[in-house]
Amino acid sequence: MATPTTTGAPYDATPVATPAPFDPAAERGLLVVLPHPDDETFSSGGTMARCADAGVPVTYLCGTYGDMGRRMGRPAFANRESLRDIRERELTEACAVLGAEARMLGLRDKCVEFEDPVEIAERVRAVIEELDPSTVIAFYPGFAVHADHDALGLIAQLAVRSLPAGRRPRLLAVAVGDQEANRAALGEPDVLSDISGTVDRKIEALRAHRSQTEAMFVKWDEDIEDEQGKAFRDRLLGGEKFYLLDPHHVTDYERNRP
Amino acid sequence: MHPIDRDAVQAELDRRRDQPVYLHLETTTGSYTALGPEKKPPVIAFVRNAQVTYARGVVTGPGPYRVGLKLQDGWVYADGLTDFVVSERDELLLAGHDPDGHLTVALQLSMRPFREA
Chain A
1378 MATPTTTGAP
1388 YDATPVATPA
1398 PFDPAAERGL
1408 LVVLPHPDDE
1418 TFSSGGTMAR
1428 CADAGVPVTY
1438 LCGTYGDMGR
1448 RMGRPAFANR
1458 ESLRDIRERE
1468 LTEACAVLGA
1478 EARMLGLRDK
1488 CVEFEDPVEI
1498 AERVRAVIEE
1508 LDPSTVIAFY
1518 PGFAVHADHD
1528 ALGLIAQLAV
1538 RSLPAGRRPR
1548 LLAVAVGDQE
1558 ANRAALGEPD
1568 VLSDISGTVD
1578 RKIEALRAHR
1588 SQTEAMFVKW
1598 DEDIEDEQGK
1608 AFRDRLLGGE
1618 KFYLLDPHHV
1628 TDYERNRP
Chain X
10 MHPIDRDAVQ
20 AELDRRRDQP
30 VYLHLETTTG
40 SYTALGPEKK
50 PPVIAFVRNA
60 QVTYARGVVT
70 GPGPYRVGLK
80 LQDGWVYADG
90 LTDFVVSERD
100 ELLLAGHDPD
110 GHLTVALQLS
120 MRPFREA
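Residue numbers (this note's numbering), protein chains in the order written: chain A, 1378 to 1635; chain X, 10 to 126.
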């Protein structure tokens, strides 16, 4: 039997720290940096809409056009060559719902990790310097399932790190996939955004990403849910959760990259 | 896209043979298979805008269909193709889709390079 300690081990009786609420009134600007059209809505659409409602400028810097996605709508209405423009239009529509401005980095979908991270980080840094947001949302490098997610998460972290102290926005990181495994590795999320007031717009923005979400909504509407759908609905109702990521923290992902 | 019409696809393959054409060849399970019930790692490969010249290109099978392109020094092969279209840019787009409409395989040929992001 393990002896109880006071160091925060899992068997410790110390209550789990409550995440701090996300407060749009405390924000000067929100910049979301993620690789695909729809990542913004899935991860933080409710929080983006909350900021927009509070008059906080919201920008989505989107890494790629999602042009290598395999979801083509249900039934399929897109093809490999038309998908780029379709997803760009879907993103414009979703950002209009969420009250955000969309900007593109124009990288090739699935290939973000093969770019020079420092070079792309300089472009992200220029956007941060221009917009001066109080918070940047990005994926947590190494806890984001998709290689593009991890790669652009690190790039966003490098961009924030490269700014002089005092000019650095707060970096909120999104962990995706197995939430229990993420909790075991990272602890409880630090920030919880209550999106009960904006969840309808989050769902409307998800529907705007029609080529990517139509199959999911068909299942929802027929009440057939796979594991991914169930996990997503639970997350939707539980609010949007973020880890406060120190820009100088060297993650295992960064340590192990080529 | 439309369900493959073998004669129409064969005519499009014949129209592009014996000259350098740009190839997009791809197969994908999707990037999120690790989140599925079987927790399998994704398997994805693509080649975009490689130039090839084929002397013989054939579509076969009862559907899903196969396409083979005989190059001077090798082959291009795809199985599982279900749908096709000739795009506004005169690209021959062949793809396979699963019952959810997700793309599983693509073989595309164009006289001009396919668009890059």
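For glycine and all other residues, C-beta sits at the position ideal for the given N, C-alpha and C.
What's the C-alpha gap between residue i and residue j?
i	j	result
residue 1559(A)	residue 45(X)	17 Å
residue 1498(A)	residue 1399(A)	26 Å
residue 1626(A)	residue 1545(A)	14 Å
residue 1415(A)	residue 1501(A)	19 Å
residue 118(X)	residue 1539(A)	43 Å
residue 1608(A)	residue 74(X)	36 Å
residue 1496(A)	residue 1534(A)	13 Å
residue 95(X)	residue 1468(A)	26 Å
residue 1600(A)	residue 1587(A)	18 Å
May I ask you to check if the CB of residue i is nearer than 7 Å to at least one heavy atom of the ligand FMN?
i	result
residue 48(X)	This structure simply doesn't include the ligand FMN, nor any ligand for that matter.
For residue i, name the three-state secondary structure that DSSP assigns.
i	result
residue 1557(A)	helix
residue 40(X)	coil
residue 1640(A)	Coverage of chain A is limited to positions 1378 through 1635, which leaves residue 1640(A) absent and any answer about it impossible.
residue 1466(A)	helix
residue 119(X)	strand
residue 1386(A)	Summary for residue 1386(A): the model assigns pLDDT 45, below 50, so the residue's position carries little reliability, and this model does not support an answer.
residue 1428(A)	helix
residue 1622(A)	coil
residue 53(X)	strand
Just to confirm, are residue i and residue j a CB contact at a threshold of 8 Å?
i	j	result
residue 1530(A)	residue 1550(A)	yes
residue 116(X)	residue 87(X)	yes
residue 1440(A)	residue 1525(A)	yes
residue 1515(A)	residue 1548(A)	yes
residue 1584(A)	residue 1575(A)	no
residue 13(X)	residue 69(X)	no
residue 51(X)	residue 42(X)	yes
residue 1475(A)	residue 1582(A)	yes
residue 1614(A)	residue 1567(A)	no
Looking only at its chain, what residues have a beta carbon closer than 8 Å to the beta carbon of residue i, apart from the 5 residues adjacent to it on each side?
i	result
residue 23(X)	66
residue 1384(A)	Confidence is the limiting factor: at residue 1384(A) the pLDDT is only 44, short of 50, which leaves the residue's position unreliable, though a coordinate-based value still follows. Once the five neighbours on either side are set aside, residue 1384(A) has no close Cβ partner at all.
Of the choices the options, whose alpha-carbon is the least far from that of residue i?
i	options	result
residue 60(X)	41(X), 96(X), 81(X)	81(X)
residue 1425(A)	1596(A), 1443(A), 1554(A), 1401(A)	1401(A)
residue 1523(A)	1512(A), 1543(A), 1552(A)	1552(A)
residue 53(X)	1446(A), 1466(A), 1428(A), 1407(A)	1446(A)
residue 1579(A)	1417(A), 1407(A), 1410(A)	1417(A)
Please work out which residues of its chain come closer than 6 Å, Cβ to Cβ, to residue i, disregarding the five sequence neighbours upstream and downstream, and give them in chain order.
i	result
residue 1528(A)	1489, 1490
residue 1504(A)	1438
residue 1387(A)	Its pLDDT being 47, under 50, residue 1387(A) is placed unreliably by the model, and nothing is read from it.
I want to verify the contact list: residues of chain D whose CB lies under 7 Å from the CB of residue i, in sequence order.
i	result
residue 110(X)	Considering every chain present, this structure includes no chain D. Its protein chains are A and X.
For residue i, I'd like the list of residues in its chain whose CB is within less than 7 Å of its CB, leaving aside the five on either flank, ordered along the chain.
i	result
residue 107(X)	113
residue 1479(A)	1437, 1439, 1468, 1469, 1472
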